[in-house]
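Report on the structure given below.
Residue numbers (our numbering), protein chains in the order written: chain A, 1 to 147; chain H, 148 to 294; chain Z, 295 to 441; chain W, 442 to 588; chain E, 589 to 735; chain Y, 736 to 882; chain S, 883 to 1029; chain C, 1030 to 1176; chain X, 1177 to 1323; chain V, 1324 to 1470.
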């Protein structure tokens, strides 16, 4: 099975069984976001994780091997993004990142936030003016090497 | 003055005077990120903010009016982004957003996080395995209207 | 079923049964435009709407679930648009929007018209110089947040 | 003078004099939107309109001739649009136009709404749930010719 | 049937039966060009035209309905065009249209030639220096509306 | 002088002197369209044509040499075209050319209409249903060589 | 059969039978290059050529008709080219053509080398410093028409 | 001086002095094509070549150093090419190169024709059916290395 | 079989049999990288290599012929690359190559490193600050030819 | 001074003074490649490095500050690359990286080679078959974080 086939089948099974990312995450001891990333094809499952997910979602046997492979990461969406949920983040990177980068260099000097050694957190916050979404990215700071 | 001219001049003056975003932010009672966004051209200053910034950075008089205009927001960078700091966020949106969107709809139903009624927070976190950068986006949740 | 499969099948069935958007809209108590948007894949049906549409159009059972999901919104057309009906609106956004934006900021200050909390209305108007089409967009005004 | 030079100078002068589109529109007996379109370079002024605008905005003499020329219409913005105000309309055309087109053909048969013989109207509407923006496009319906 | 399926099948049948556009055009009382446009998917047939073409080309019954629908017009070729026949016209639009537009505005004032209310004519002309192709476009002139 | 400089200066002078393409064409014994093409940079003037145009438009001496050079032909417009006059022809090539090509091959066999050995004609036609524009392209037919 | 199907099948058969372009060319009295172009879909075979090729390659009967049609010429490769053999020629056109054009106009005046009435020749040349490839293009010179 | 400045100035001087590529080539003992490539910025002159060209064209002293540098090779034209002379070669690479590559591999096995160790030749050929242009590329054959 | 089919099947078989590139490389006496390139479709196998690989991986008989063909080299990935492993190298070429080129010309004069007569080497290096990857490219230097 | 101004001036001065990257590198105790990257705008100089380079190259005083800033990294070349030296590396990433990635994951598991904590080495190697260029990239291996 390819990672794309695992993704498509996983999402269909999750839907049919009425499972949530919360529940799938608990089953493997990971956050809902990471679990979704794993099934969408952006992570390398341990054998245990692969077996648990394959069993809960009743995927075929070879999904285990597929989930344990280091995948070629390709987007599961058209690009530039057309979905309004995704586009708003694209807009943030397009417009505000140079300003954010400038403030970050003030704090850290030259370098980048790693998108590899990084975790993501998503929360729902109730506020007098209405519900808000709070999303955080936490990544290792890497400095440029001199040689 | 155009917003681009205000940006270029502000950044040069900030550099010459050795001012930080932290200090500029304090002067107008806003966060360093928002202050940077304002001077990069992505916000509409109140008269007081505009006057304070113009005075601290010794900008010409008409910078006040320029800072108070609703600007046409264009990126201050090439696109797709070439700078590694910015690209890593582009990569996150490109690869992981559909998985994040999926988890978000589980929490909120159909809709989006507004990129207009939104704030941004940036922190430096020391960790045994090295320094980490933590960035958060906090936006109003908007549901699709039926009609 | 994917949302694309629901769209294709719905359009074929609507055609075969000779149903109009007007009639489908009435059946679920929504406007013809919104009803078309729903079946094209750009809305999240309530259970009642999904069941009614599935029954009228004789779609398979799992169309109900599909119609109730928050979909990834992708265009159902090539882009840039090639159809003359659609291109004319693309041309309007391409050429006239900066002028419109300028007038809007005069009325509202800095911000945007939401394309999420928004409704659309379409009318045929007879005029001495010939038939005219009148289309209106009505969206919530959102102001940029300061922080 | 080119139309671009007329635009840049007009906008600066309008700003300096604190004039509104409302006021400029009244001066030439046209709507604020049309007046903005004219100065942005998307219309052909009559001699009277050209003279009135040139005089109010204190433009140089040859602005009159420039305003009366049929211009090559080029966008006064980057494309695809980056400004959130404009992008939201781009998103509407990208996602919802095929559904709207489908409803329109039900009302009108095959053809298009002209973007040439067309007028635009913009209104601010107060609503219990907050301010809303209402924008309408009114264009001649054109049917395809057979031959 | 989709319009694309009608096109593919029509072209195959026309080929097998050795029919010419000239002959098909005569059968429905239209020009060869318009007839080709209709079957390529760029026109809305009357019931009579649809029935005649379906019968001559021995298409399945539902081709009639398909031919009578207002289609979404998409190109039946890659773009930019790669075929030398088509590319030469693309080159003409790319290079010479601004000069032609300039002359046209001298004759007509500001406006456009409609590509909707338009007919096309194609002729073979023998000339001492060799065969020549003569193609003409005849479209309604539309003036921009003021409002 | 570059051809672009000749173009810009010629158009300004033509405007100031109130000359038409009709008049300029008569002066060199060519059609208005060809004359416009020449000054826009898409033709190689004979010495006589170059001198006459330079003299009527009061261009500097070295415009003569520039007009007599074989130019690198680049578009004098953005691409894809944004002006509605030009876009309508782009739309015709995009949508209808494969159908036209098909009819042309029926008349001529395999080959192309040359866009080099080609002339263009533009006319205004009054019709009961309103003014119409008629434009024709007349080019040598070239057959593919076998070898 | 489409031209693409003829191409795919021809190449497979040629491979299975161990035929060379040299041999196929001899069979129809054409050069190896032209013969390859014909089967790749870039030429219109005479009835005799079509029958000979169909027979040697044991193609189905309707390949004859397909080979005799004037095809829509589309590239049989991704674009820009990714194969190093093809890219080197792309690089030549990208970098050196303006210099070559300049020299050509010195020899020929304004005009172009036709890519329609053109033949191609390919040779292997042994040289002390190693094997070399020699490729030549021979095309009719076309001068721009005045009108 | 940059290579672009050398190019622009050289072309202007060559024009003013009425020099041909033929003559410039003779002066440095190279072909007209190579000489044009050198001045357009696509070659590294020896000291002698640089001095001779600088002297004949009366370029400033530092043109010598500029001509002797290994340049970053960028196109001196828009891309894809718009000039008909250049486009015809682009079309040849786009359409016919896969067929040519196929024949070349029959002669040479896997590999490429170098575009670095390569020479170009251009000739005018008179033919009963009219003037023809003959252009040849002669490059070293490189085989892929195994390791 | 096409080279793409050989690639897909080879990778699946390698996975099922638990073979490594190291082992496959040893079997044909080549490096792991070259062996991977061969199966991905970027090399021309000798008959012996083709037979050995086909036998170990239990591919069908005609894989032998396919592996021995000179393939059209197309990327086996989307482009620009989306996978973070690949993107980092893309970033290096995008940002640092002009600086590297500059240093290379200091060492070698004008010319290029061949990507045809080239080998690649990949190593894992343990370092006190963590594991490092070391990759080297070794290619023949080619100088530009004068003519 | 911007980083681009520092680059342009540095390169001119280096040229005029006949300095090599080797010599500049020695002056700051870094490799020639890193030194070139620094002046091209892809590194953050220490105060000492900035002062030494500014003094050797006789740059204005504020080059020191500019060299010490964390720059926005943009390419100093068109993209995709047109220079043959650079393109060959682009071709390597385009074609061979997926195969290399596959071998790398066999050695390292899932992750990437950092392009931030990375050094580059360039050597000239004499070989019986001619001069060769050897270039190596040495980067920290980063594994994906689980969360």
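Heads up, the beta-carbon is just placed ideally off N, CA and C, and yes, glycines get one too. Because the structure is a prediction, the values reported are computed rather than measured.
Taking C-alpha positions only, residue 285 of chain H is separated from residue 137 of chain A by approximately 12 Å. Contact annotation, residue 1132 of chain C with residue 1004 of chain S: C-beta distance approximately 6 Å; criterion of less than 8 Å satisfied. Closest option to residue 58 of chain A, judged by alpha-carbon separation, among A:108, A:128 and A:9: A:9. Contacts with chain C at 8 Å (Cβ-Cβ) include residue 983 of chain S.
Just measuring C-alpha positions, the residue of V:1368, V:1375 and V:1405 sitting nearest residue 1390 of chain V is V:1368. Contacts with chain A at 8 Å (Cβ-Cβ) do not include residue 294 of chain H. Comparing alpha-carbon positions, the option among Z:348, Z:395, Z:428 and Z:365 lying closest to residue 220 of chain H turns out to be Z:395. With a threshold of 8 Å between beta carbons, residue 692 of chain E makes contact with chain Y. Nearest to residue 991 of chain S by alpha-carbon distance, out of Y:816, Y:829, Y:850 and Y:778, is Y:778. If the five residues before and after residue 428 of chain Z are omitted, its C-beta is found closer than 7 Å to the C-beta atoms of 417 and 419, all from its own chain and listed in chain order. For residue 1353 of chain V, the nearest beta carbon of chain A is closer than 8 Å to its own beta carbon. Of all residues in the stretch 1394–1410 of chain V, only 1403, 1405, 1407 and 1410 place a beta-carbon less than 8 Å from a beta-carbon of chain S. Short of 6 Å from the beta carbon of residue 613 of chain E, and not among the five residues preceding or following it, lie these beta carbons of its own chain, in chain order: 619, 620 and 623.
Spanning the alpha carbons of residue 677 of chain E and residue 828 of chain Y requires a straight line of approximately 7 Å. Within the same chain, and ignoring the five residues on either side of residue 1022 of chain S in sequence, the residues whose Cβ sits closer than 6 Å to its Cβ are 996 and 999. Residue 1289 of chain X is bridged by DSSP to X:1317. Of all residues in the stretch 274–289 of chain H, those with a C-beta nearer than 9 Å to a C-beta of chain Z are 285, 286, 287 and 289, reading in chain order. Per DSSP, the unbroken alpha helix (DSSP H) holding residue 213 of chain H starts and ends at 210–215.
Put simply, the backbone Cα of residue 627 of chain E is about 16 Å away from that of residue 708 of chain E.
DSSP places residue 297 of chain Z in the helix class (H, G or I) of the three-state scheme. Nearest CB-CB separation between residue 683 of chain E and chain C: below the 8 Å threshold. Residue 1158 of chain C counts as exposed, since fewer than 16 other beta carbons sit within 10 angstroms of its beta carbon.
At the C-beta level, residue 553 of chain W and residue 378 of chain Z come within 8 Å of one another.
Within the same chain, and ignoring the five residues on either side of residue 62 of chain A in sequence, the residues whose Cβ sits closer than 7 Å to its Cβ are 1. Straight through space, the alpha carbons of residue 1429 of chain V and residue 146 of chain A are spaced by roughly 29 Å. Measuring C-alpha to C-alpha distances from residue 1319 of chain X to each of C:1036, C:1032, C:1094 and C:1099 identifies C:1099 as the nearest. Taking the C-beta atoms as reference points, residue 674 of chain E is found nearer than 8 Å to residue 832 of chain Y. Residue contact with chain H for residue 412 of chain Z: present (Cβ-Cβ distance below 8 Å to some residue of chain H). Interface residue (Cβ-Cβ distance to chain C less than 8 Å): residue 1338 of chain V is classified as such. Setting aside the 5 residues that flank it on each side, residue 150 of chain H is surrounded in the same chain by 188, 213 and 218, each with a C-beta closer than 7 Å to its C-beta; the list follows chain order. Take the alpha-carbon of residue 899 of chain S and the one of residue 1240 of chain X: they are about 15 Å apart. The C-beta distance from residue 616 of chain E to residue 642 of chain E rounds to 11 Å, too long to fall under 8 Å, and the pair is not in contact. Here the alpha carbons of residue 608 of chain E and residue 599 of chain E stand approximately 10 Å from one another.
With respect to residue 670 of chain E, residue 957 of chain S sits close: the two C-beta atoms are nearer than 8 Å. The straight-line gap separating the alpha-carbon atoms of residue 1109 of chain C and residue 962 of chain S is approximately 10 Å. Residue range 341–350 is occupied by the alpha helix (DSSP H) that includes residue 344 of chain Z.
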